[in-house]
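Working notes, beginning with the structure itself.
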Amino acid sequence: MTSELDIFVGNTTLIDEDVYRLWLDGYSVSDAVALRVRSGILEQTGATAAVLQSDTMDHYRTFHMLERLLHAPPKLLHQLIFQIPPSRQALLIERYYAFDEAFVREVLGKKLSKGTKKDLDDISTKTGITLKSCRRQFDNFKRVFKVVEEMRGSLVDNIQQHFLLSDRLSRDYAAIVFFANNRFETGKKKLQYLSFGDFAFCAELMIQNWTLGAVGEAPTDPDSQVDDMDVDLDKEFLQDLKELKVLVADKDLLDLHKSLVCTTLRGKLTVFSEMEANFKNLSRGLVNVAAKLTHNKDVRDLFVDLVEKFVEPCRSDHWPLADVRLFLNQYSASVHSLDGFRHQALWDRYMGTLRGCLLRLYHD
Amino acid sequence: MPGKLKVKIVAGRHLPVMDRASDLTDAFVEVKFGNTTFKTDVYLKSLNPQWNSEWFKFEVDDEDLQDEPLQITVLDHDTYSANDAIGKVYIDIDPLLYSEAATVISGWFPIYDTIHGIRGEINVIVKVDLFNDLNRFRQSSCGVKFFCTTSIPKCYRAVIIHGFVEELVVNEDPEYQWIDRIRTPRASNEARQRLISLMSGELQRKIGLKVLEMRGNAVVGYLQCFDLEGESGLVVRAIGTACTLDKLSSPAAFLPACNSPSKEMKESPLVHPPSHGCRSTHNSPIHTATGSRLTQNFSVSVPTLIYTGMGSGSAGKEGGPFKALLRQQTQSALEQREFPFFTLTAFPPGFLVHVGGVVSARSVKLLDRIHNPDEPETRDAWWAEIRQEIKSHAKALGCHAVVGYSESTSICEEVCILSASGTAAVLNPRFLQDGTLEGCLEQRLEENLPVGCGFCHIPYDELNMPFPAHLTYCYNCRKQKVPDVLFTTIDLPTDATVVGKGCLIQARLCRLKKKAQAEANATAISNLLPFMEYEVHTQLMNKLKLKGMNALFGLRIQITVGENMLMGLASATGVYLAALPTPGGIQIAGKTPNDGSYEQHISHMQKKINDTIAKNKELYEINPPETSEELIGSPIPEPRQHSRLLRSQSESSDEVTELDLSHGKKDAFVLEIDDTDALEDVHSLLTDVPPPPGFYSCNTEIMPGINNWTSEIQMFTSVRVTRLSSLNLTNQALNKNFNDLCENLLKSLYFKLRSMIPCCLCHVNFTVSLPEDELIQVTVTAVAITFDKNQALQTTKTHVEKSLQRASTDNEELLQFPLELCSDSIPSHPFPPAKEHLESASSNSGIPAAQRDRCSSWIELIKLKAQTIRRGSIKTTVTVEKASPMGEGNFRNRSAPPCANSTVGVVKMTPLSFIPGAKITKYLGIINMFFIRETTSLREEGGVSGFLHAFIAEVFAMVRAHVAALGGNAVVSYIMKQCVFMENPNKNQAQCLINVSGDAVVFVRESDLEVVSTQHPTANCQPLCAGGEVTT
C-alpha cells in the first residue's frame, strides 16, 4: 500500500519553523526527515516516521509554492492564495533572506554574475553549506542587487521597501550591494580574520560619508549623475583626496604633524616610543591610501591596503586598541592645527570614516 | 424589467506576462451577463492595468438574476491573432437580491483559469437595482434567503419551521457531448463550470418558489449536490428546510426563540404575499419536469436497518396518556406534509420532544441516459421511493418526523447507490404551524419535559416495539423509559446532560465484489449492502461499548461503490448520556470450549478489552461519581433533580467499578469468536489508537464536555489517495489497508496541529471515493479549535441556565479582557503574544488552587509542553518583528475593513455554524462554488500532490475573496461537497472537480461587542465561548 497523493491544506497556511529552517538549509526531504527524527520529535509527540515523512513533504511543497512569492516579498503580502498572519509573513521573508556568515564572506565584494555562480560548488564544499542553500543565498544577493542598483535614494530604505526586510537585515544587504558594486577585495588571506560584520560596519560608514548621497542635498537636476546616490563612491571626492598628499610630501608639514601628535600623547600611550618611531610610516600609509583612491583597482584593494599599511604594523608592535583609538583621534585632530594645510573639510570627511573603519578592523 | 445589474471594472494586478517579447500584457475585460456582453478598453503594456471603466448596465428579469452568474473574462489583446484568455471570474449575484444581505459586491477576485489556475486578480464592483415586482405569476423567488447552516441562523428567530423542500434538475454533461471531441479542454471545462453554475441558480430559484408557496421566507440546512452520472448526464439536486425566520433586531433579543410567549407565533411576519404561481414557459437551457413517464429502469431496493439500541428486551409499563396526546398533535401538524423531513441537526429549545433512532434507506439503480432532459422524473421517482421508505421506517418507530435528514449518492460506471438517512423523532407541533392548538398542551409540555433527558425517552409504544430493545427507566428523571443505546444523525441537543467528554467513533469496512456488468452488478451490490450495514452497525456498537459510552450523535454512514469493491465508512460522535443506563462491557465467547490454549487466548483478549474500557473511561472522564460531585458544585437550581442525579450515578458507579462478567451476562455485548472474521473484528477494535494527549475529536458541531473554546480556529482539508498493491486482495487485507489509511490520516492531523494543543477537531468529515480499480481516496475536512484547559476541568457541567453559566465565568472574562487590550497594543504581531497572555491569564486567574490541583499530572504536562512550544515560537518572532519596519504597516493592513482595498483581510472558514468567541451579526448570502482544474503538465506542477495542493489552496482563496467582496469576514457551515480527482500519469494529465458551499457572514468579536454595549452584558448568544481573543 503506497500513498499516491497526500496533502494537507489549511485555511491559515501552517508554517513549521523547524522544517522551514531545514528547507532553507537545502536539505532534501529524506535528510530533513532524518534530522527531525534525530531531534527526538517522534518521542515527544508519539508520531511515526511515516507521519513525519508526510508532514515534511507537505511543508516542503508549501514552501516550494511560496518561494515564487518570496522572490518579490510585497507580492506575498498582497497575494490571496495563502492566508498567512502578518507576523508569519515577516518571519518567512526574514528567514528566506537571511544568509550564512561563512557564505557571505566567500562572495562579499565579488561580482554577482553567472561566472561566480559556477564557483558555488566550491564554496559549498568549502563551507559545508548545501549547494541548494548557497544558490538561494547567492540568488537573493543578486536579486536585491539588481532591484536597488539603479535606484535613487537611500540604499537601506530601498531595500527595506522592496524586500520588506528588518532594519538589521536591510543594512546587511546594503553592505553586500555596496561591496558588490565597488568590488572591494575581501578574500585575500590577510583579510580572513575579518568578519562580515566588520565589513558591513565599514560599508555603512562609507555609504554615509563617501557616496554622492552622503553630500546630503537632494538632487535638483534629474539629469545629473546622481542616480546611484548610495551605491557609488563620490568620484569628485576621490579625486580631491589627492590633495591630502601634501601631508606626507611636504617634510615640514609631516614633522610638524608628528610633533603635535607626540606632544599631546606623551605619557598617555603604552606604546609611545613605537608610535614615535613609526609615525611617518603610518601617516604615509594612510595618506597614500587616500591618494590612490582615484584608480578603480586601488579602490578595490582599500581593505588590503588598510590592513597592510596600518593594522599589521600596529599589531606587530602590540598596540592596545585604546592606544590605537587615542592615536587616531589625535592624528586626525592635530591636522586642524597645521596652518599650511587648506583641506580641513576634505580631511575630516576622509579621516572621520577611516578612523571608524580602522578601529573596527583592528582586532585579532 | 424588474432589475438592473451594474458592473464596474476597476483594475487588475499581478497579471501574468502574456507577451514574451515585452514581458508585459495588453489586457482588457469582457463582462457578460446572459446574452449581453460589454468590453473595457485595452490597457496597454501593464501587469497592473487600471481600467476604471464606466458602469456597465444590464437590464434583466429577476429570474435571470437568480439563474445566471456574472461572467468576467480577462483577455490579452493581440493585433494579429486571436486574443488570448487570461482567465475568468464567475460572480454569483444572488446575495444582492435580498434586502438584508449584501448591498454591493466589491473587491479583488482571483482570475481563474481551468488550465493554469489563479493568474492575477481583478477589482470589480457589482450592484443591483431591483424594481418592485407586481407580477404575481412570477417565476423568480428573489427574497428567499438560503442558509447552509443546519440550525436556525444565529441572528434569526424561527417563527415557523415549515418543512422539507427538494428539487432536482438534469442536463447532459458537456464533457460527454459530441462537441467535446473537437473543443479544447479549457472550453469544455468552462462550459461545464458555467452550466453547473446556471443549474444551481435555477435550482435555488425553484426551491425558493416552493418556499414562497409554503409561505416561508427562508431555506435552512440547504444542501445542494451534483451527481456526475457520466454518459447519462448531470444531476443537480438540493434539499432543505423551509422556514419563516424573523430577524432579531437588538443584541438583547438573542435569547432563544422558545422564551418568547406563544402568542408571538401567531403574528407571522410574512414578507411575501402568497404566490400560487402558474408556471409560464421559460427558455432555460436546463429542464425540470413535472410529468410522469415510467421507464423500465432496473432498480433494487435494499432492506435497511433501523438503528437504535440492541439488546435483550424486557417490556415496561404504558407510557401515559400524555404521550398519546402529543403524538396526535404532532401527527395532525405533520400529516399535511408529504415528507415530514427536516435537514436541521440542531433545533430551537423545545422543538425536539423525543428521538426514536436512526432511519436509513438505500437503493441501487442502473443509470440510463436521460433521453429527454425535459422529463427527469425517473430521478425524482427514485428519490420519492427512498423518502417514502424513510417515512415508513420513522412511523415504525412511533415517530412522525425525521430530523437531521440527508441524501447522498455513490456512482460507479452505470451503477448508482442512492442513500438517505435521518433520525426519527417526535417534534413539538407549535413550531410547525400557526399555533392553533397550543393552550394547555403547551403548558403540559413545559411541565412534563424534564430538562436534559426528554429527548431520550422512547417515542414508541413499549408493548409494540418495532424491534427487541432493552428498556429501563430514565436515569435522569426516573419517570419515562429509555433505550440502552441511542443512535442519531443530529447534533447533541444543547440541554442534554452528558458525563465526561465525547469522541469520534468510526466504523470502517471493505467488501470485495466481482466485476460485473449492468444488472448482475447491481444485484451483486444490493446483495452485499445488508451485510455491510449490519457489520458497520456491529462495529459501531462494539467501539461505542469499548469507549464506555451509550449514545452516538451525528452518525453518517457512507457506502461507496467501486469497480471491484464496496467501502463503508461510518463516523459519529460517541457520548455518555446521563439519562441512559451505563453500558455493559464486551464479553468474548469462544466456540470451542475444550481447547486449553484457546481458552487462555480468549481470557487474555477479554482482559485486554476490559483494560481498554477502563482506560477509555479515564481518558474521556466518564466517571459518574465524580461528575455528581461536580454537579453539586455547579449551580443547577433544582436540588430535587440533584438528588436524583446523585442516586442514579452512584448506582451506576458500582457497576463501573465491578466491570465483571456477571454484570456482563446481564447486558454486556457478547462477541463470539467462532471464525477468523470475528477474531479480526476484535483485533481491529483494539488497534484503534486514541488521539494523543491534549487532542479530542468529534464529528458534531461541538465537543460534548468542552465548553470554553478560545477563538483560535484552523479549518483544513486533507486528501489521501492510496494504491492497493496486490491484485488478489482478501477482505481482511482490504479492511486492514483501509483502517490503516484512516488511522494514519488522523495521526497526521494530530501531528500537524500539535501546536494548537489543547484543542479539539470538530466536525471531522470523512469522504471516501474509489476513483479507479485499486485507488482509495479519503478526503477529510474539519476545524481545529483551541480551548482553555483549566476552564474545561472546572466546568464539566453541561446544562445550566445560560445566565448562570455566564455569571460563573464572568470573573475569568473580566480578568482576560484587559489583557486582550494590552496584547492588542503590541501591534506588530498580534498572534503569539495574545496566546501567551491568554495562557498566563488562565493559569493565574481566579481559578482556585484546589481546582488546579485536580488536574491530573498528564494534563499539566501537556499544558506545560504547549506553553514551551509557544514560547519558543514567540521568541523568534519577537526578534524578527522588533527590528522589522513593516510591523506597523502590517497592523494597519490587518485592521482595515476586509473589502475594497488593496490589503488582504483575514477571512475565517469553518464547517461549524458559529465562530468561537465571536458573534455573527449578519448573514450575507450563500456561497456555492464549483471549480474544475485540469493540467497536461502534471509532473511540472509537482505531481498529483502538488497539483491538488495548489488547487485546494486556490479554491480556499476564491471562497475568501468572494466573502471579502461581499463585505464579510468569515464563512460558516463551510463544506466541501465534492472533490473528484482523476489522474492519468502516463499522459502527464490530471483533472479535479471541487464543489464547496457555506454561508458568508460578518462576525464581531465578543470583546469588541462588550466595549460597545456594556448595557447588554448578557448578550451572549453562544453558550460555548469564553472571552479570550486570539486572531488567526
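Residue numbers (my numbering), protein chains in the order written: chain A, 5 to 368; chain B, 356 to 1387.
Positions of the beta carbon are idealized from the N, C-alpha and C atoms, including for glycine.
Source: prediction; values computed, not measured.
So, is the C-beta of Gln1069/B closer than 7 Å to a C-beta in chain A? yes
Which residue from Ile912/B, Tyr815/B, Gly712/B and Leu782/B puts its Cα closest to that of Ile772/B? Ile912/B
Bridge partners - Tyr435/B, DSSP secondary structure assignment: DSSP lists no partner for Tyr435/B.
Which of the three DSSP states is assigned to Cys771/B in this structure? strand
Can you tell me which of the three DSSP states Tyr830/B falls into? coil
Contact the region 133 to 141 of chain A vs the region 197 to 215 of chain A: 3+ CB pairs below 8 Å: no
Nonlocal neighbours in the same chain, by C-beta distance under 6 Å from Tyr398/B, ignoring five residues either side: Ala382, Pro404 and Trp406
For the pair the region 1342 to 1354 of chain B and the region 1284 to 1300 of chain B, tell me if three or more CB-CB distances fall below 8 Å. yes
Got a sec, what are the start and stop residues for the beta strand (DSSP E) Cys754/B sits in? Note, Cys754/B: premise wrong, no beta strand (DSSP E); not H, not E.
If you count every other CB in all the chains shown that lies within 10 Å of the CB of His63/A, and 16 or more means buried, which is it? buried
Should Glu1129/B be counted as a contact of the ligand GTP given a C-beta to heavy atom distance under 6 Å? Among the ligands in the structure shown, none appear at all, so the ligand GTP cannot be discussed.
Could you check whether the Cβ of Phe1269/B sits closer than 7 Å to any Cβ belonging to chain A? no
Residue from Ala1345/B, Cys808/B and Leu420/B whose Cα sits closest to the Cα of Lys834/B: Cys808/B
For Pro838/B, list the residues DSSP reports as bridge partners. Leu826/B
Could you pull out every unbroken alpha helix (DSSP H) segment of at least 4 residues lying fully inside the region 171 to 215 of chain A, listed in chain order? 171 to 186 and 200 to 214
Within-7 Å CB hit, Glu105/A to chain B: no
Residue-chain proximity (Ile88/A, chain B), Cβ-Cβ < 7 Å: no
Please confirm if Ala1316/B has its CB atom under 7 Å from at least one CB of chain A. yes
Alpha helix (DSSP H) segments (min. 4 residues) lying fully within the region 72 to 118 of chain A: 77 to 82, 90 to 101 and 105 to 111
Run down chain E in chain order and give the residues with a C-beta less than 9 Å from the C-beta of Thr395/B. Given the protein chain composition of this structure (A and B), no chain E is represented.
Mind checking whether Leu1321/B and Ala366/B have CB atoms under 7 Å apart? no
Test: Ser7/A CB closer than 7 Å to a CB of chain B: yes
Under 8 Å (Cβ pairs) to chain B, residues found in the region 64 to 94 of chain A: Arg65, Thr66, His68, Met69, Lys79, Leu81, His82, Gln83, Leu84, Ile85, Phe86, Gln87, Pro89, Pro90, Ser91, Arg92, Gln93 and Ala94
Under 8 Å, with one C-beta from each stretch per pair, do the region 1269 to 1279 of chain B and the region 498 to 511 of chain B reach the 3-pair mark? yes
Can a CB atom of chain A be found closer than 7 Å to the CB of Arg1075/B? yes
C-beta contact flag for Glu762/B and Ile880/B at 7 Å: no
By Cβ distance below 6 Å, which residues in the same chain neighbour Leu95/A in space, the five residues on each side in sequence not counted? none
Quick one: grab the DSSP three-state call for Cys318/A. helix
Any C-beta of chain A under 7 Å from that of Leu859/B: no
I want to see whether chain A comes within less than 7 Å of Arg338/B, judged by CB atoms only; does it? The shown model of chain B, from 356 to 1387, leaves out residue 338/B, and the question about it has no answer.
Please confirm whether His956/B has its beta-carbon closer than 7 Å to some beta-carbon of chain A. no
Within its chain, find whatever has a CB closer than 8 Å to the CB of Leu245/A; leave out the 5 residues flanking it on each side and keep chain order. Ala294, Ala295, Leu297, Thr298, Leu350 and Tyr354
Whole angstroms is fine: what's the gap from Thr469/B's alpha carbon to Gly44/A's? 43 Å
Give me the chain A residues within the contact set of Thr1072/B, using Cβ-Cβ distance strictly less than 7 Å, ordered along the chain. Val13
Cβ separation of Asp327/A and Leu286/A, assumed to be a contact under 8 Å, to the nearest whole Å: Asp327/A to Leu286/A, Cβ: 12 Å. No contact.
Start and end of the beta strand (DSSP E) containing Val574/B? Ala573 to Leu583
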